[in-house]
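Peer 1:
Residue numbers (this note's numbering): 339 to 752.
(1) Nearest by alpha-carbon distance to residue 673: which of 447, 635, 511 and 575 is it?
(2) Use the C-beta contact count for residue 357: other C-beta atoms within 10 angstroms, 16 or more gives buried, fewer gives exposed.
(3) Measure how close the beta-carbons of residue 549 and residue 441 come, nearest whole angstrom, since I'm counting them as under 8 Å.
(4) List, from N- to C-terminal side, the beta strand (DSSP E) runs of 3 residues or more that fit wholly inside the segment 468-531.
(5) Restricting to runs no shorter than 4 residues, where is the alpha helix (DSSP H) found entirely within the segment 394-448?
(6) Is DSSP giving residue 740 helix, strand or coil here?
(7) So does the segment 595-603 actually touch the segment 549-568, counting three or more Cβ pairs closer than 8 Å?
(8) If you pair each beta-carbon of the segment 535-548 with each one of the segment 581-593, do three or more pairs fall below 8 Å?
(9) Between residue 424 and residue 397, how many whole angstroms is the CB-CB distance? I'm expecting something under 8 Å.
(10) Let me check understanding here. Comparing Cα to Cα, which of 393, 364, 448 and 365 lies closest to residue 377?
(11) Whose C-beta lies closer than 8 Å to the C-beta of residue 467 among residues of the same chain, with five residues either side of it excluded?
(12) Less than 7 Å between C-beta atoms, sequence neighbours within five positions excluded: which residues of the same chain meet that for residue 580?
(13) Could you give the first and the last residue of the continuous alpha helix (DSSP H) run that contains residue 585?
(14) What did DSSP end up calling residue 655 once you bin it into helix, strand or coil?
(15) As a quick exercise: from 457, 591 and 670, pick the residue whose alpha carbon is nearest that of residue 604.
(16) Kindly indicate the opening and closing residues of the alpha helix (DSSP H) around residue 623.
(17) Using three-state DSSP, classify residue 684 as helix, strand or coil.
(18) I need the straight-line Cα distance from residue 464 to residue 395, nearest angstrom please.
(19) Between which residues of its own chain and residue 742 is the CB-CB distance below 8 Å, once the five residues before and five after are set aside?
(20) Between which residues of its own chain and residue 432 is the CB-CB distance below 6 Å, once the five residues before and five after are set aside?
(21) Sort out for me which residues DSSP pairs residue 672 with in a bridge.
(22) If you pair each beta-carbon of the segment 646-665 with each one of the segment 695-702, do three or more pairs fall below 8 Å?
(23) Just reading off the beta strand (DSSP E) that residue 544 is part of, what are its end residues?
(24) Please classify residue 656 as buried or exposed, where buried requires at least 16 neighbouring CB atoms within 10 angstroms.
(25) According to DSSP, what are the bridge partners of residue 729?
(26) Quick check: residue 479 and residue 427, are their CB atoms within less than 8 Å of each other?
(27) I believe residue 702 touches residue 748 by the beta-carbon criterion, under 8 Å. Please report the beta-carbon distance rounded to the nearest angstrom.
(28) Would you kindly report the start and end of the unbroken alpha helix (DSSP H) that includes residue 640?
(29) If you compare alpha carbons, which of 739, 729 and 750 is closest to residue 502?
(30) For residue 611, collect the residues of the same chain with a Cβ closer than 6 Å to its Cβ; drop the 5 residues on either side in sequence, then sort them by chain order.
(31) So residue 744 and residue 382 are supposed to be a Cβ contact under 8 Å. How far apart are they, rounded?
(32) What residue from 492, 510 and 379 has the CA that sits closest to residue 706's CA?
(33) In whole angstroms, what is the alpha-carbon distance linking residue 554 and residue 524?
(34) Hey, quick one: how far does the alpha helix (DSSP H) through residue 364 stretch, first residue to last?
(35) Which of helix, strand or coil does DSSP assign to residue 745?
(36) Could you check the C-alpha separation between residue 560 and residue 591 for me, to the nearest Å?
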């Protein structure tokens, strides 16, 4: 696998019209040290996700590989091996502006892996659609080989650089970014030779020059947010992010949705945050719980926080958010919050509040994200590679504290 990766990275480094800038081994080692020192100085409680011994072992493995000049893509491939060790979706070494650079690459004619995929429990990539979401008769087929190599080994090499709390979270995150990670480690050929389940024949598929689905979704209000009223007096509010620059538009959208819910006499509401990676708490406080909360609530309980002066303080959230007493669109029916492997950050806080204050029940797929969440994320650029280190400034317990499961789970309903 090491030889395969090295060859692919060398090909990728030489594929552009101008030579990629290389970083000397000493500078690579300095960036690793900078990242480790920053984590030690800034993280409020590293034991939240990793032991010091495990981090040191992981760093030693990475350090031994920083023995030759490399470009940014290869530097990421080496340094990002710390990400699964760090085991926190807010603590990782990442690529700078990967969304913007990915979109620019498509505009400039770069083709990517031709399919959107899911990663199954055995780490097989499974075809979901064409890149960007277009339909394909190959949907549902497992990919067995890519370019002559075992697809599970390829997936394993990508997962070894993916950040997140758990293997389930990392599989879901990688599925969204397969096109990106695959390009960084294995290049962007004009065609992909594949072997799929159900056939031993090799299938040659040209690279796709379409904007990947995650980039389309994140740029579109209508792809992120939806409100559907059904004829059986049920409704579904889909909120795939708590990030949108024009918050007034989001708040008007949810107000209109709850107005439609009231007008249709809806008695069952599903709030879908299964693909919501988080954002700003006020999006769910003012945009959703305004219409659902029946009592004062806090978004958490106890916390550890790293102050600007370097001190770590512990405390408890004292102030509660009061429900609007005169909200005319308050929903009094049954609320179900649908979670998934990508429910994270502020979306986990939202789910914690719904569960602990009994504003509704949690359904869907759990076991991917911690109920105790890190947050207050900051980022710093590693000075030599230009890669990004993201790290949290606080760790927050759920409103019910240690009484809830370690991982976010659907609720058992009698």
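C-beta: ideal position from N, C-alpha, C; glycine also.
Peer 2: Reading from the atomic positions:
(1) As a first step, residue 673 is located in the chain shown; it is residue number 335 there, counting from the start. Taking the Cα of residue 673 as reference, the smallest distance to any Cα among 447, 635, 511 and 575 is reached at 575.
(2) Position 19 of the chain shown, counting from 1, holds the residue named residue 357. Its pLDDT being 48, under 50, residue 357 is placed unreliably by the model, and nothing is read from it.
(3) Numbered from 1 along the chain shown, position 211 holds the residue referred to as residue 549. Numbered from 1 along the chain shown, position 103 holds the residue referred to as residue 441. 6 Å between Cβ atoms; contact.
(4) Scanning the segment 468-531 from its first residue to its last, the whole beta strand (DSSP E) runs of 3-plus residues come out as 481-484.
(5) Within the segment 394-448, the runs of alpha helix (DSSP H) at least 4 residues long that lie entirely inside it are, in chain order, 410-417, 421-424 and 436-445.
(6) Taking the first residue of the chain shown as 1, we reach residue 740 at position 402. In the displayed model, residue 740 falls within a helix according to three-state DSSP.
(7) By the Cβ test, the segment 595-603 is in contact with the segment 549-568, since at least three Cβ pairs between them sit closer than 8 Å.
(8) Fewer than three beta-carbon pairs drawn from the segment 535-548 and the segment 581-593 are found closer than 8 Å, and the two stretches are therefore not classed as touching.
(9) Reading the chain shown from its first residue, position 86 is the one you call residue 424. Reading the chain shown from its first residue, position 59 is the one you call residue 397. Not a contact, Cβ separation roughly 10 Å.
(10) By one-based count along the chain shown, residue 377 stands at place 39. Looking from the CA of residue 377, the closest CA among 393, 364, 448 and 365 belongs to 393.
(11) Along the chain shown, read from residue 1 onward, the residue named residue 467 stands at position 129. So the qualifying residues of the chain are 453, 454, 473, 474, 477 and 551.
(12) Within the chain shown, the letter at position 242 stands for residue 580. Counting only Cβ-Cβ distances below 7 Å, and skipping sequence neighbours, we find 614, 616, 617, 618, 621, 622, 684 and 685.
(13) Taking the chain shown and counting its residues from 1, the one referred to as residue 585 is at position 247. Start and end: 585-601.
(14) Counted from its first residue, the chain shown places residue 655 at position 317. If DSSP states are grouped into helix, strand and coil, residue 655 belongs with coil.
(15) Taking the chain shown and counting its residues from 1, the one referred to as residue 604 is at position 266. Closest option to residue 604, judged by alpha-carbon separation, among 457, 591 and 670: 670.
(16) For the purposes of this step, residue 623 is taken as the residue at position 285 of the chain shown. Unbroken alpha helix (DSSP H) run through residue 623: 619-625.
(17) The residue given as residue 684 occupies position 346 in the chain shown. DSSP, reduced to helix, strand and coil, places residue 684 within a helical segment of the structure shown.
(18) Within the chain shown, residue 464 is the residue found at index 126, counting from 1. Within the chain shown, residue 395 is the residue found at index 57, counting from 1. So the two alpha carbons sit approximately 33 Å from each other.
(19) Along the chain shown, one-based indexing puts residue 742 at 404. In its chain, beyond the 5 residues on either side, 690, 693, 694, 709 and 736 have a beta carbon closer than 8 Å to the beta carbon of residue 742.
(20) Counting from one through the chain shown, the residue named residue 432 turns up at place 94. Result list for residue 432: 726, in chain order.
(21) Taking the first residue of the chain shown as 1, we reach residue 672 at position 334. According to DSSP, which records beta bridges pairwise, residue 672 is partnered with 606.
(22) Not touching, per the Cβ criterion.
(23) Against the chain shown, residue 544 aligns to sequence position 206. Residue 544 -> beta strand (DSSP E) spans 540-544.
(24) Here residue 656 refers to the residue found at position 318 when the chain shown is read from its first residue. Only exposed fits residue 656, as fewer than 16 other CB atoms lie within 10 angstroms of its CB.
(25) Residue mapping note: residue 729 aligns to position 391 of the chain shown, counting from 1. The bridge partners DSSP lists for residue 729 are 716.
(26) Translated into the one-based positions of the chain shown, residue 479 becomes position 141. Translated into the one-based positions of the chain shown, residue 427 becomes position 89. Contact: no.
(27) If you number the chain shown from 1, residue 702 lands on position 364. If you number the chain shown from 1, residue 748 lands on position 410. The C-beta separation of residue 702 from residue 748 comes to about 6 Å, placing the pair in contact by the 8 Å criterion.
(28) Looking up residue 640 in the chain shown gives position 302. For residue 640, there is no enclosing alpha helix (DSSP H); the enclosing beta strand (DSSP E) has its first and last residue at 640-644.
(29) Sequence index remark: in the chain shown, residue 502 carries index 164 (1-based). Checking every option, the nearest Cα to that of residue 502 belongs to 729.
(30) Position 273 of the chain shown holds residue 611. Here the set comprises 577, 681 and 685.
(31) Here residue 744 corresponds to residue number 406 of the chain shown, with the count starting at 1. Here residue 382 corresponds to residue number 44 of the chain shown, with the count starting at 1. Between residue 744 and residue 382, the beta carbon gap of about 18 Å keeps them out of contact (Cβ cut-off 8 Å).
(32) Locating residue 706 in the chain shown gives position 368, counting from the first residue. The shortest C-alpha separation from residue 706 is found at 510.
(33) Within the chain shown, the letter at position 216 stands for residue 554. Within the chain shown, the letter at position 186 stands for residue 524. Roughly 23 Å separates the two Cα atoms.
(34) Here residue 364 is taken as the residue at index 26 of the chain shown, counted from 1. Counting along the chain, the alpha helix (DSSP H) containing residue 364 begins and ends at 363-380.
(35) Your numbering for residue 745 matches position 407 in the chain shown. Residue 745 falls in the strand class under three-state DSSP.
(36) In the chain shown, residue 560 corresponds to position 222, counting from 1. In the chain shown, residue 591 corresponds to position 253, counting from 1. Between residue 560 and residue 591, the alpha-carbon positions lie close to 10 Å from each other.
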